[in-house]
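**Student:** Mind looking over this structure? Questions follow.
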Amino acid sequence: MSLSDLVSHKTRIDSLFLDEGFGTLDAETLEIALNALDNLNASGKIIGVISYVEALKERIPLQIEVRKENGLGYSQLAAEYRVGSAG
Numbered sequence: 131m132s133l134s135d136l137v138s139h140k141t142r143i144d145s146l147f148l149d150e151g152f153g154t155l156d157a158e159t160l161e162i163a164l165n166a167l168d169n170l171n172a173s174g175k176i177i178g179v180i181s182y183v184e185a186l187k188e189r190i191p192l193q194i195e196v197r198k199e200n201g202l203g204y205s206q207l208a209a210e211y212r213v214g215s216a217g
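Just so you know, the working numbering puts 180 at position 50 of the sequence shown, and the rest follows in order with no gaps.
Put into structure tokens, the structure is as follows:
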């Protein structure tokens, strides 16, 4: 079932996690998908996305960035999103 079907049929979901589901989309289809995710998020749903698509970085406010350093991957929450951050 597509994201637009979930929104239009009012299917109840509490969380949605997507892994690399956007890399092959053209700009118009990507915008439709992101609008569907925005609608789900606005209704209180938890949305998790794993992606390298730059447009998502600009659109998703809370991010956990995984970086590779010395051949090792680690997770790091940007300072501006850490609990107790002054930023």
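Just so you know, even glycine gets a beta-carbon here, dropped at the ideal spot from N, CA and C.
1. Can you look up I143 in the DSSP assignment and give me helix, strand or coil?
2. With distances taken between CB atoms, is the gap from G153 to S173 smaller than 9 Å?
3. Using DSSP with H/G/I as helix, E/B as strand and the rest coil, what is I190?
4. If you reduce the DSSP assignment to three classes, tell me which class E150 lands in.
5. What residues match up with V183 in a beta bridge as DSSP calls it?
**Tutor:** Let me lay it out:
1. Of the three classes helix, strand and coil, the one that applies to I143 here is coil, per DSSP.
2. Their beta carbons are not under 9 Å apart, which means G153 does not touch S173 by this criterion.
3. I190: coil per DSSP, three-state reduction.
4. Coil at E150, not helix or strand.
5. DSSP output for V183 lists no bridge partner at all.
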